[in-house]
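Below is one structure, written out as C-alpha cells; comments come after it.
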C-alpha cells in the first residue's frame with residue numbers, strides 16, 4: 002500500500018480498527034478515510050454507497066462490527082446477526098462497485114466448530130456445530146467469508162478474510178455487561194483492589210482454554226497481509242471455482258500460537274493488578290467452547306509473528322483501566 006493511497010478503516014474507533022489506524026499512521030500513511038458511526042451508518046446501504054462514491058478508497062480494512070462477550074451475544078442474537086450482516090454486505094458490495102484494490106475482512110475465531118480439532122486450521126470451517134451462545138455472530142462472520150469468496154469468484158475482486166483469536170488492547174471495552182474476558186477480569190480485579198475485597202468471582206469453571214492476541218499485533222499482521230506482493234496475496238484467496246477436494250476459502254488465521262486456562266489467566270490478571278485475595282469460580286455460569294487455539298502456521302509461513310507477550314499486555318490493560326477509572330471519578 003502506497004503511503005498516499007486512500008485507505009478506509011471501517012470501525013476506526015473500536016479495538017481492532019483503532020489499532021489498525023495507529024499502525025497505518027505510524028508507518029506514514031496519509032490518505033486515511035475515517036468516519037464515525039454518527040457520520041456514516043454502515044448498516045445503511047445508501048449511506049455506505051455515498052461514502053465510497055465520495056472518498057473512492059483503494060484499500061479497505063473492514064473492522065466495523067457489533068461485538069460483545071458471552072452475555073451480550075446470548076442476550077441479543079437478533080441484533081448481532083442483523084447488524085453484522087448489514088455492515089458486511091454494504092461495505093463489501095460498495096468496495097466492489099467502486100473498484101477497491103484489496104479488502105481485508107476481520108472476523109473472529111468463533112466461526113469454527115465448538116469441538117474443532119486443536120489447534121484449529123482454516124479448513125476446519127463448516128466441519129461441525131458452532132458454540133450456541135455466539136452462533137448468530139459466528140454465522141454472520143461465516144457469511145462475510147462466503148461473501149468475499151463469492152465476489153472474488155464472480156467479479157475478480159481481491160477480498161481476504163482474516164480470523165483473529167481472542168483480542169485485547171487499547172480502546173477495549175470494560176463494560177461489565179458486554180465486555181470480553183480480559184477487560185472483564187481486569188475491571189473486576191482492579192475494583193477489588195480499590196475496594197479492599199478479599200475475593201473475586203469469575204464466571205465458569207476456569208477450565209476452558211483460550212488464546213489471546215494483543216490488538217497491536219493483529220494490526221501489524223493485517224498490514225503485513227495487505228502489503229504482500231500480488232502473487233503471495235492471491236495465493237491466500239482460495240480457488241476461483243469451488244472444488245470438493247480443495248476446500249480452502251479466502252481465510253487466514255491470526256493468533257499468538259499458545260493458550261492457557263481461564264483460571265491461569267485470572268491468576269495472571271490478579272498479579273498484574275496487585276490483588277492478593279481468593280478467586281472464586283461460579284460453575285453455574287457458561288464456560289463456552291472448551292478450547293480455542295488457532296493454527297496460525299499459514300500466516301507465519303508468510304513471514305509474520307507476534308511481538309507482545311501476555312504479561313506485558315495485561316500490565317498495559319491494568320494501567321489503561323485505572324486511568325479510565327480515575328478520569329471517571331475526577
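Residue numbers (this note's numbering): 2 to 331. Cβ coordinates follow ideal geometry from the N, Cα and C atoms, glycine included. Because the structure is a prediction, the values reported are computed rather than measured.
In angstroms, rounded to a whole number, what distance separates the CA positions of residue i and residue j?
i, j, result
"residue 251", "residue 113", "15 Å"
"residue 35", "residue 53", "12 Å"
"residue 86", "residue 67", "10 Å"
"residue 277", "residue 185", "18 Å"
"residue 301", "residue 198", "43 Å"
"residue 275", "residue 103", "45 Å"
"residue 291", "residue 115", "8 Å"
"residue 3", "residue 42", "28 Å"
"residue 165", "residue 321", "22 Å"
"residue 222", "residue 156", "26 Å"
"residue 225", "residue 305", "7 Å"
"residue 1", "residue 189", "The requested residue 1 is not part of the displayed model; the chain covers only 2 to 331."
"residue 72", "residue 172", "20 Å"
"residue 94", "residue 9", "14 Å"
"residue 82", "residue 46", "16 Å"
"residue 1", "residue 211", "Look at the range of the chain in this structure, 2 to 331, and you will see that residue 1 is not part of it."
"residue 196", "residue 313", "25 Å"
"residue 11", "residue 271", "34 Å"
"residue 154", "residue 241", "5 Å"
"residue 23", "residue 137", "30 Å"
"residue 239", "residue 160", "10 Å"
"residue 325", "residue 194", "16 Å"
"residue 78", "residue 134", "9 Å"
"residue 48", "residue 84", "15 Å"
"residue 309", "residue 215", "7 Å"
"residue 40", "residue 62", "18 Å"
"residue 297", "residue 50", "34 Å"
"residue 319", "residue 273", "7 Å"
"residue 267", "residue 316", "13 Å"
Tell me which same chain residues have a C-beta within less than 6 Å of the C-beta of residue i, skipping the five on either side of it?
i, result
"residue 142", "108, 109, 112"
"residue 139", "111, 112, 131"
"residue 264", "207"
"residue 149", "106, 160, 162, 251"
"residue 181", "70"
"residue 299", "253"
"residue 183", "169"
Near residue i, what residues of its chain come up, given a Cβ to Cβ distance below 7 Å and the 5 sequence neighbours on each side ignored?
i, result
"residue 323", "191"
"residue 204", "283, 286"
"residue 219", "17, 20, 165, 168, 255"
"residue 227", "2, 60, 103, 105"
"residue 69", "179"
"residue 7", "32, 34, 56, 57, 58, 59"
"residue 202", "281, 283"
"residue 295", "110, 120, 121, 166, 212, 254, 256"
So, with DSSP's three-state summary, where would you put residue i?
i, result
"residue 255", "strand"
"residue 135", "helix"
"residue 322", "helix"
"residue 59", "coil"
"residue 164", "strand"
"residue 225", "helix"
"residue 241", "coil"
"residue 303", "coil"
"residue 279", "strand"
"residue 235", "helix"
"residue 309", "coil"
"residue 194", "helix"
"residue 290", "coil"
"residue 211", "strand"
"residue 201", "strand"
"residue 176", "coil"
"residue 217", "helix"
Report buried or exposed for residue i, applying the criterion of at least 16 other Cβ atoms within 10 angstroms of its Cβ.
i, result
"residue 13", "buried"
"residue 5", "exposed"
"residue 129", "exposed"
"residue 38", "exposed"
"residue 209", "buried"
"residue 231", "exposed"
"residue 259", "exposed"
"residue 176", "exposed"
"residue 236", "exposed"
"residue 76", "exposed"
Just to confirm my understanding: we take residue i, look at its own chain, exclude 5 residues before and 5 after, and list those with CB closer than 8 Å. What are they?
i, result
"residue 144", "86, 89"
"residue 99", "53, 54, 57, 58"
"residue 26", "33"
"residue 15", "64, 65, 66, 68, 172"
Check: What are the complete alpha helix (DSSP H) segments, minimum 4 residues, inside the segment 18-56?
Finding: As summarised for the segment 18-56, the continuous alpha helix (DSSP H) elements at least 4 residues long and confined to that stretch are 46-56, given in chain order.
Next item on the list: Taking only runs that begin and end inside the segment 81-159, name each unbroken alpha helix (DSSP H) of 4 or more residues, in chain order.
Entry: Taken in chain order, the complete alpha helix (DSSP H) segments of 4 or more residues contained in the segment 81-159 are 136-156.
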